Amino acid sequence: MMRLVKAGLMFGNLVAVTSPALVERYNRALKHLIDKETALTEFHIDIAGYSPEIGDELGDDLYLNPKGCNQMFILLTTDQKTAPLLQSNFSTSRSIIREYIEENEDQLFALTAREAVAGELMNSVFDISSPSDLLQINQIEIEADTIQEHVAEANHLGEKIDQFMTQDDAWWDDVLIADMIELAKRTGNIHRNPVKLDSKTYRQGNYYTSHFGGIYVFRDASTPTLIAREKVEGLEDILIDQILTFDDREAIANFLRDEGLTQLIVQAQNQSTAAIIKQKIDFIIISTAAAQGHNLAGLTRQNVRLLERRFADSMPAEYHGLMEVWRWASMGGRVPKLKPDHPAFFYALRSSQHKDRDLVNMMLSDLSRLDFRQLYICHKNLFYQTYRTWSDAKKDYVVSFLSDEYVMDKVGAREALFGDEPMMVEPEPTPLPTPAKPAAKPSQKSRPKSKEKKPFKSPWGEAYADERLSRLRENQSENDDFRVLYKDYRKKSYRKKKNKRD
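For the sequence shown, the numbering used here begins at 1211 and goes up steadily by one.
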């Protein structure tokens, strides 16, 4: 893993803690939260105050996230808001913490100037022992204060002041006045410099969790769906409309289509989008060569063609499926007809533009792991896990590629891969209205699960489209064939979704 660390691809953008005063404040907060302290004099922290060095020292990477359920945090500076969240079991945790810091930035800036701020992302579940517990997490409440309780004392002083201003003969109440003076010594002038941190509650909408081997929860979809990497005990007990695993590729494809969550990377013959497919093919070629023990040192794009010829007989099905897409997109070959059971199918998709685009791209990268660049961008923890299984030759190449070609132009790469709208920027979490009105039905009151298997209709065309496609080929250019066919496919999906709602 040191290759990634040295290249800035792992533990990057962390906040350095080198000041003795900050270390002392961190220790007070750590003692307050988990009754432990660190002997380190220098370390780095993420947005939640987690330090990989301290995690190694304590032998506990979840020391601020016990049981992976209620994330605690320590804030030494508001600069932490741009840092990543390294040890989290829920995809929504970082966006909630960042939103909280930004909304209370002035107050946190003043408080962290004299003491660490500690808090917790609280929900109604304290131990996730069964998959059904996941849907019990309906909202997240975040509260924070300094270790010396400056916020609580400021609120208490405010109450004393209100009492003094409204109580008859308060000037003669020596005890009340003495309490106010003592509190003011610790809080300062709360009218001139108010100290207040508002607690806030957020809905837990669609999300990914690493619990139970990895589960994607789409509770806000028109058909609430849970998609697990693998079947685990207790999965069938979850009260939700649809439960799928990665083995249910056709059902996953139908769900993504019906909800309008994905689109084809190549929707018409186009050299720029064809280049994206070609890069995915190159990654598969490189992975195949590395698996065969080939030395990838000094590998260039021109050399990849040599590897393609040399290991042609060893190429996996993903390679052949994407080659079919690439030939059509760049050379006018026949229209591809990949089905979900083809290993290359999900490589050819990306999320459409909606609020859960990062979550969908995360799942697509999970379903297409040979594309190591997308895996790194969309699902870093899974990338790090997969990275450990690679040969040294592949590790060297991937680190070099990401450092030289991705890190140098992150924005450009993301726009090319995921569309014009900026990708992988944390969406703002949705705060609960007052009074709280859940936007989606509680999962416990789900509709009966449908046992009927939906037929899959591929965006590349199936038997239902063969006759129409032949007619189009007679009257239109090959470039228009796919565009019209795909447009027809989208209309069918929209009508199907609309009828279902009606």
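Cβ atoms here follow ideal geometry from the backbone N, Cα and C, with glycine treated the same way. All values derive from a computational prediction rather than experimental measurement.
Do you know how far the Cα of residue j is from the Cα of residue i?
i, j, result
"Tyr-1586", "Asn-1505", "22 angstroms"
"Ala-1323", "Leu-1286", "8 angstroms"
"Phe-1253", "Met-1282", "18 angstroms"
"Ile-1486", "Asn-1237", "48 angstroms"
"Leu-1559", "Pro-1434", "21 angstroms"
"Val-1535", "Pro-1546", "6 angstroms"
"Ser-1578", "His-1530", "14 angstroms"
"Asp-1270", "Leu-1224", "19 angstroms"
"Ile-1437", "Leu-1454", "5 angstroms"
"Phe-1555", "Met-1541", "20 angstroms"
"Arg-1213", "Val-1609", "7 angstroms"
"Leu-1574", "Glu-1309", "26 angstroms"
"Lys-1216", "Ser-1613", "10 angstroms"
"Met-1220", "Ser-1334", "33 angstroms"
"Val-1621", "Glu-1615", "12 angstroms"
"Ile-1400", "Gln-1377", "Bear in mind that a pLDDT of 41 at Ile-1400, under 50, signals an unreliable position, so the number given afterwards is only what the model happens to contain. Rounded to the nearest angstrom, the two C-alpha atoms are 20 angstroms apart."
"Lys-1565", "Ala-1623", "20 angstroms"
"His-1589", "Gly-1278", "18 angstroms"
"Ala-1478", "Ala-1539", "7 angstroms"
"Asn-1416", "Arg-1304", "14 angstroms"
"Pro-1643", "Gln-1414", "At Pro-1643, the pLDDT of 49 sits below 50, so the modelled position is not reliable; the number obtained from the coordinates is stated separately. Cα to Cα, Pro-1643 sits roughly 13 angstroms from Gln-1414."
"Pro-1160", "Glu-1528", "Here the chain has residues from 1211 to 1712 only, and residue 1160 is not among them."
"Gly-1222", "Met-1572", "20 angstroms"
"Val-1635", "Ala-1388", "Confidence at Val-1635 is low in this model, with a pLDDT of 45, below 50, so the placement of that residue should be treated as unreliable; the coordinate-derived value is given next. Going from the Cα of Val-1635 to the Cα of Ala-1388 covers about 51 angstroms."
"Arg-1537", "Ile-1491", "12 angstroms"
"Arg-1520", "Thr-1498", "11 angstroms"
"Asp-1581", "Tyr-1557", "8 angstroms"
"Ala-1326", "Thr-1288", "11 angstroms"
"Met-1533", "Ser-1601", "25 angstroms"
"Leu-1548", "Phe-1336", "44 angstroms"
"His-1421", "Gln-1473", "28 angstroms"
"Gly-1218", "Arg-1544", "43 angstroms"
"Gly-1629", "Phe-1611", "21 angstroms"
"Thr-1292", "Met-1211", "23 angstroms"
"Gln-1297", "Glu-1625", "27 angstroms"
"Glu-1313", "Glu-1446", "40 angstroms"
"Met-1332", "Ser-1432", "27 angstroms"
"Asp-1576", "Ala-1231", "43 angstroms"
"Val-1617", "Ser-1229", "30 angstroms"
"Ala-1723", "Glu-1315", "With the chain covering 1211 to 1712 only, the question about residue 1723 has no answer from this structure."
"Gln-1595", "Lys-1246", "29 angstroms"
"Phe-1465", "Leu-1509", "40 angstroms"
Can the beta-carbon of residue i be found closer than 8 angstroms to that of residue j?
i, j, result
"Tyr-1426", "Leu-1592", "no"
"Asn-1513", "Thr-1419", "no"
"Thr-1483", "Ile-1494", "no"
"Ser-1167", "Ile-1352", "The chain is shown only over 1211 to 1712; residue 1167 falls outside these bounds and no answer can be derived."
"Asn-1275", "Glu-1330", "no"
"Ile-1307", "Ile-1338", "no"
"Tyr-1412", "Ile-1347", "no"
"Leu-1517", "Gln-1584", "no"
"Ile-1721", "Ala-1328", "Nothing about residue 1721 can be reported from this structure: the residues present for the chain run from 1211 to 1712 only."
"Val-1227", "Ile-1255", "yes"
Rounded C-beta distance between residue i and residue j? I'm assuming under 8 angstroms.
i, j, result
"Arg-1439", "Phe-1456", "5 angstroms"
"Thr-1248", "Glu-1267", "6 angstroms"
"Ile-1496", "Tyr-1597", "Not confirmed; about 14 angstroms, so no contact."
"Ser-1524", "Gln-1489", "20 angstroms between Cβ atoms; not a contact."
"Ala-1603", "Ala-1463", "In fact, because the Cβ distance is near 34 angstroms, the residues do not count as touching under 8 angstroms."
"Tyr-1273", "Ile-1244", "6 angstroms"
"Arg-1459", "Pro-1550", "4 angstroms"
"Leu-1345", "Ile-1448", "6 angstroms"
Could you tell me which of the options sits nearest to residue i, measuring between CA atoms?
i, options, result
"Ile-1450", "Phe-1428, Gly-1278, Tyr-1607", "Phe-1428"
"Ser-1562", "Gly-1470, Glu-1247, Leu-1272", "Gly-1470"
"Leu-1295", "Tyr-1260, Ile-1264, Phe-1319", "Tyr-1260"
"Gln-1317", "Thr-1356, Ser-1339, Thr-1599, Gly-1444", "Thr-1356"
"Leu-1407", "Asp-1447, Ala-1354, Val-1442, Asp-1430", "Ala-1354"
"Phe-1319", "Leu-1509, Phe-1336, Gln-1290, Pro-1341", "Gln-1290"
"Lys-1441", "Ala-1431, Pro-1230, Gly-1424", "Gly-1424"
"Ala-1507", "Asp-1343, Ala-1461, Lys-1605, Arg-1515", "Lys-1605"
"Asp-1343", "Glu-1443, Leu-1509, Thr-1292", "Glu-1443"
Determine which residues share a DSSP beta bridge with residue i and list them.
i, result
"Arg-1560", "Gln-1473"
"Gly-1329", "Phe-1283, Ala-1354"
"His-1254", "Ala-1226"
"Leu-1753", "In the structure as shown, the chain starts at 1211 and stops at 1712, and residue 1753 therefore has no counterpart that could be examined."
"Thr-1419", "Phe-1300, Ile-1425"
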